[in-house]
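Trainee:
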Amino acid sequence: MRLLFVLLVAGSAFGFSNAEDLPSLEGAKVYRLIPDTDEKLSAVLAHHGKEGYDILRRGHVLGDEIRILVTADYVEAFETELTEYEIDNVIEIENAQEVIDEEKTRQSVGPSITHVNGRISFEAYPRYDAVLEYLQELATNYSSIATVVNIGTSYEGRPISGLKISSGGTGKPAILIDSAMHAREWIAPTSALYAINQLVENSENSDLYASVDWYIFPVANPDGYEFTHTNYRLWRKTRSINTGSSCRGVDPNRNFGYYWMLNGASDLPCSDIYAGTEAFSEVETQALRDFVLANNETIKLYLAVHSYGNYFLYPWGYTADLPDNEEELRTLAEAADDALSTLRGTRYTIGTSTNVLYEAAGGSDDWVKGVGGVELSYTPELTGGGIFGFDPPVSEILPIGQEFFLATRVFGEYIAEKFGSSK
Ligand code: 0X9
Ligand code: ZN
Numbered sequence: 001m002r003l004l005f006v007l008l009v010a011g012s013a014f015g016f017s018n019a020e021d022l023p024s025l026e027g028a029k030v031y032r033l034i035p036d037t038d039e040k041l042s043a044v045l046a047h048h049g050k051e052g053y054d055i056l057r058r059g060h061v062l063g064d065e066i067r068i069l070v071t072a073d074y075v076e077a078f079e080t081e082l083t084e085y086e087i088d089n090v091i092e093i094e095n096a097q098e099v100i101d102e103e104k105t106r107q108s109v110g111p112s113i114t115h116v117n118g119r120i121s122f123e124a125y126p127r128y129d130a131v132l133e134y135l136q137e138l139a140t141n142y143s144s145i146a147t148v149v150n151i152g153t154s155y156e157g158r159p160i161s162g163l164k165i166s167s168g169g170t171g172k173p174a175i176l177i178d179s180a181m182h183a184r185e186w187i188a189p190t191s192a193l194y195a196i197n198q199l200v201e202n203s204e205n206s207d208l209y210a211s212v213d214w215y216i217f218p219v220a221n222p223d224g225y226e227f228t229h230t231n232y233r234l235w236r237k238t239r240s241i242n243t244g245s246s247c248r249g250v251d252p253n254r255n256f257g258y259y260w261m262l263n264g265a266s267d268l269p270c271s272d273i274y275a276g277t278e279a280f281s282e283v284e285t286q287a288l289r290d291f292v293l294a295n296n297e298t299i300k301l302y303l304a305v306h307s308y309g310n311y312f313l314y315p316w317g318y319t320a321d322l323p324d325n326e327e328e329l330r331t332l333a334e335a336a337d338d339a340l341s342t343l344r345g346t347r348y349t350i351g352t353s354t355n356v357l358y359e360a361a362g363g364s365d366d367w368v369k370g371v372g373g374v375e376l377s378y379t380p381e382l383t384g385g386g387i388f389g390f391d392p393p394v395s396e397i398l399p400i401g402q403e404f405f406l407a408t409r410v411f412g413e414y415i416a417e418k419f420g421s422s423k
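Residues 1 to 423 (my numbering) make up the sequence shown, in order.
(1) On the three-state DSSP scale, how would you describe I387?
(2) What is the DSSP secondary structure of R67, counted as helix, strand or coil?
(3) Which ranges does the beta strand (DSSP E) cover as unbroken runs of at least 3 residues, wholly within the stretch 292-363, from first to last along the chain?
(4) Relative to the C-alpha of E375, which candidate in R254, L406, D36, Y302 has its C-alpha closest?
(5) Using beta-carbon positions only, say whether T379 and D365 come within less than 8 Å of one another.
(6) Cα separation between E297 and D178?
(7) May I ask you to list the residues that DSSP assigns as paired with T153?
(8) Locate the beta strand (DSSP E) running through D178, then write down its first and last residues.
(9) Please list, in chain order, all residues of the same chain as G401 whose beta carbon is under 7 Å from its beta carbon, the five residues on each side excluded.
(10) Pairs of beta-carbons, one from the stretch 139-155 and one from the stretch 377-393, closer than 8 Å: are there three or more?
(11) Flag D366 as yes when its Cβ comes closer than 7 Å to any non-hydrogen atom of the ligand 0X9, and as no otherwise.
(12) For T228, count neighbouring C-beta atoms within 10 Å of its own C-beta (all shown protein chains included) and say buried if the count is 16 or more, exposed if not.
(13) Whole-angstrom Cβ separation of A361 and Y259, contact assumed at under 8 Å?
(14) So Y134 and R158 are supposed to be a Cβ contact under 8 Å. How far apart are they, rounded?
(15) Can you tell me where the beta strand (DSSP E) with F217 in it begins and where it stops?
(16) As a quick exercise: from F419, F388, A265, G412, pick the residue whose alpha carbon is nearest that of E102.
(17) Along the chain, where does the beta strand (DSSP E) containing D427 start, and where does it finish?
(18) Can you tell me whether Y142 is helix, strand or coil according to DSSP?
(19) Below 8 Å on the Cβ atoms is my guess for A220 versus A180; work out the distance and round it to an integer in Å.
(20) Tell me the DSSP bridge mates of P380?
(21) Closer than 8 Å is the cut-off here; do at least three beta carbon pairs connect the stretch 228-245 with the stretch 32-51?
(22) For L82, which three-state DSSP category applies?
(23) Within the same chain, show all residues whose beta-carbon is closer than 6 Å to that of I151, passing over the 5 residues directly before and after it, in chain order.
(24) Could you check what DSSP says for S121 in three-state terms: helix, strand or coil?
(25) Am I right that N89 and R32 are in contact with their C-beta atoms under 8 Å? What's the rounded C-beta distance?
(26) Give me the Cα-Cα distance between G276 and S353, rounded to the nearest whole angstrom.
(27) Is the stretch 315-326 close to the stretch 222-240, with three or more CB pairs under 8 Å?
(28) Quick check: V70 and G49, are their CB atoms within less than 8 Å of each other?
(29) By how many angstroms is the C-alpha of N205 removed from the C-alpha of Q136?
(30) With H, G and I counted as helix, E and B as strand and the rest as coil, what does DSSP make of R236?
(31) Whole angstroms are fine: how far does the CA of S240 sit from the CA of L8?
(32) Between the C-alpha atoms of P111 and Y125, what's the straight-line distance to the nearest angstrom?
(33) Here's the rule: buried if 16 or more other CB atoms are within 10 angstroms of the residue's CB, otherwise exposed. What is I91?
(34) Quick one, are the C-beta atoms of V99 and K29 less than 8 Å apart?
(35) Identify every residue that forms a DSSP beta bridge with R57.
(36) Leaving out five residues on either side along the sequence, give the residues of the same chain with a beta carbon under 6 Å from the beta carbon of K369.
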């Protein structure tokens, strides 16, 4: 016993302990704040990416609501700060773990995607196995248009798979979509799956792949995604081991090699916005990088689907400067927004990441445009829901998917019009 103790102490002192340091959500609180001066806003935002804090939602301008999760160890210090700065606040959640347990029951997380009359139904958040099964099933049942594409293997050995939807031929303009780069943003993969479902299984949409190819990777960070189902609902990053740290994972959306680590990213492994030891340290970001570089002659538009907040973001995230084709990016996003608003009036905010959200270098959207050469690159941030924002009730899976597809149709028609030949 004594020997074990000595070994454990020595082990952690030298940093080779295997135990993972996961922030406990027992007693963690979620606060809603509206800082009304720049000083108050900076005081709150200074916690971005810091241990014990998770900014679940933030606006860009003064007066926008901020929602922040604070783990039990930091609650006292945070509340002292709120008093000191006289920041009005409401405690939305007293104990995050309790809410997660309750939500888990409500989500009725399905072991598989359910099928109704031979069609997929969107009534649960699927596990990764079920996603892969669905892709495979489509490739079998619709073999003339659908093929499973593997672009790599995750850190823990899962395939990073997507679906290519094409009416055949080579050299056609293509649209690339990925989602669940951020593991906890569950509404993104269900929406990408809905787009797959509509493109492949609804013949009314066959015009969309007549002259354009689609590559859709619904779960780009499979290890993280599975971890949100099995261990820790709010996990965001990959699951790689960080040498010398008891915290795992890298934020894949800070790990792309374009102005990597310039701003809005952390060099601390325990941070949720940890950028990694170097650009493309993660096999998941390497997989996407290599796929884009191998196909950058044909890929004309990229959607990195995230949640939440109702935004169509576009580059740059590393600078407030506008890209050369800002007008085209904006006009197209406006058309997509008009289309999605027809379902039930939902509206998205449109603009560059830096100007409407925050500065953050190393995002996939910036790299795909800046290095990959894909001029039209977007990060749609889909609608949130539930207490943390990452848990829209299952009844919202379908309408949010439908809204996303209405927008996707506009992107598809635009690429067909601009680059397609066999209309
Ligand atoms: O911070 C992010 O990675 C994205 N927001 S999220 O809430 N889904 O985490 C926004 C990324 C925008 N793009 C860049 N900053 N490049
Ligand atoms: Zn995200």
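No residue lacks a Cβ here, since even glycine has one placed at the ideal position from N, Cα and C.
Mentor: If we stick to the structure as given:
(1) Taking the first residue of the sequence shown as position 1, residue 387 is located at position 387. In this structure, I387 counts as coil in the three-state DSSP scheme.
(2) Counted from its first residue, the sequence shown places residue 67 at position 67. Three-state result, R67: strand.
(3) 299-307, 311-314, 349-352
(4) For the purposes of this step, residue 375 is taken as residue 375 along the sequence shown, with counting starting at 1. Comparing Cα positions, the closest option is Y302.
(5) Along the sequence shown, one-based indexing puts residue 379 at 379. Along the sequence shown, one-based indexing puts residue 365 at 365. Their beta carbons are under 8 Å apart, which means T379 touches D365 by this criterion.
(6) Here residue 297 refers to the residue found at position 297 of the sequence shown. Here residue 178 refers to the residue found at position 178 of the sequence shown. Their backbone Cα atoms lie some 18 Å apart in a straight line.
(7) Start at 1 with the first residue of the sequence shown, and residue 153 comes out as number 153. Beta-bridge annotation (DSSP): T153 is paired with P159.
(8) Here the question's residue 178 lines up with position 178 in the sequence shown. From DSSP, the beta strand (DSSP E) with D178 extends over 174-179.
(9) Locating residue 401 in the sequence shown gives position 401, where the first residue counts as 1. Excluding residues within five positions, the ones whose Cβ falls inside 7 Å are F122, T190, S191, Y194.
(10) no
(11) Indexing the sequence shown from 1 puts residue 366 at position 366. Yes, Cβ of D366 sits closer than 7 Å to a heavy atom of the ligand 0X9.
(12) Against the sequence shown, residue 228 aligns to sequence position 228. Result: buried.
(13) To locate residue 361, count along the sequence shown from 1; it is residue 361. To locate residue 259, count along the sequence shown from 1; it is residue 259. Going by Cβ atoms, the distance from A361 to Y259 rounds to 4 Å, so yes, they are a contact pair.
(14) Translated into the one-based positions of the sequence shown, residue 134 becomes position 134. Translated into the one-based positions of the sequence shown, residue 158 becomes position 158. In fact, because the Cβ distance is near 15 Å, the residues do not count as touching under 8 Å.
(15) To locate residue 217, count along the sequence shown from 1; it is residue 217. Start and end: 213-217.
(16) By one-based count along the sequence shown, residue 102 stands at place 102. Among F419, F388, A265, G412, the Cα nearest to that of E102 is on F388.
(17) The structure shown has nothing for residue 427, since the chain only spans 1 to 423.
(18) Along the sequence shown, one-based indexing puts residue 142 at 142. Coil.
(19) Within the sequence shown, residue 220 is the residue found at index 220, counting from 1. Within the sequence shown, residue 180 is the residue found at index 180, counting from 1. Their Cβ separation, rounded to whole angstroms, is 6 Å, which keeps A220 and A180 in contact under 8 Å.
(20) Start at 1 with the first residue of the sequence shown, and residue 380 comes out as number 380. P380 is bridged to F312.
(21) no
(22) Along the sequence shown, read from residue 1 onward, the residue named residue 82 stands at position 82. It is helical.
(23) The sequence position of residue 151 within the sequence shown is 151, counting from 1. Around I151: I160, A287, F291.
(24) Indexing the sequence shown from 1 puts residue 121 at position 121. The answer is strand: DSSP assigns S121 an E or B state.
(25) Here residue 89 refers to the residue found at position 89 of the sequence shown. Here residue 32 refers to the residue found at position 32 of the sequence shown. Going by Cβ atoms, the distance from N89 to R32 rounds to 7 Å, so yes, they are a contact pair.
(26) As a first step, residue 276 is located in the sequence shown; it is residue number 276 there, counting from the start. As a first step, residue 353 is located in the sequence shown; it is residue number 353 there, counting from the start. So the alpha carbons of these two residues sit roughly 21 Å apart.
(27) no
(28) Against the sequence shown, residue 70 aligns to sequence position 70. Against the sequence shown, residue 49 aligns to sequence position 49. Not closer than 8 Å, so no.
(29) Counting from one through the sequence shown, the residue named residue 136 turns up at place 136. Counting from one through the sequence shown, the residue named residue 205 turns up at place 205. For Q136 and N205, the distance between alpha carbons rounds to 20 Å.
(30) For the purposes of this step, residue 236 is taken as residue 236 along the sequence shown, with counting starting at 1. The answer is coil: DSSP assigns R236 none of H, G, I, E or B.
(31) Position 8 of the sequence shown, counted from the first residue, corresponds to residue 8. Position 240 of the sequence shown, counted from the first residue, corresponds to residue 240. Here L8 scores only 39 on pLDDT, less than 50, and its place in the model should not be relied on; the value that follows carries that caveat. For L8 and S240, the distance between alpha carbons rounds to 22 Å.
(32) If you number the sequence shown from 1, residue 111 lands on position 111. If you number the sequence shown from 1, residue 125 lands on position 125. At P111 the pLDDT is 48, less than 50, meaning the model places this residue with poor confidence; the figure from the coordinates comes in the next sentence. Distance between the alpha carbons of P111 and Y125 is about 9 Å.
(33) The residue labelled residue 91 in the question sits at position 91 within the sequence shown. I91 comes out exposed.
(34) Start at 1 with the first residue of the sequence shown, and residue 99 comes out as number 99. Start at 1 with the first residue of the sequence shown, and residue 29 comes out as number 29. No, the Cβ-Cβ distance between V99 and K29 is not below 8 Å.
(35) On the sequence shown, residue 57 is found 57 positions in, with the first residue counted as 1. Looking at the DSSP assignment, R57 forms a beta bridge with R67.
(36) Within the sequence shown, the letter at position 369 stands for residue 369. Around K369, the same chain offers P315, S377 as residues with beta carbons nearer than 6 Å, after the five sequence neighbours per side are excluded.
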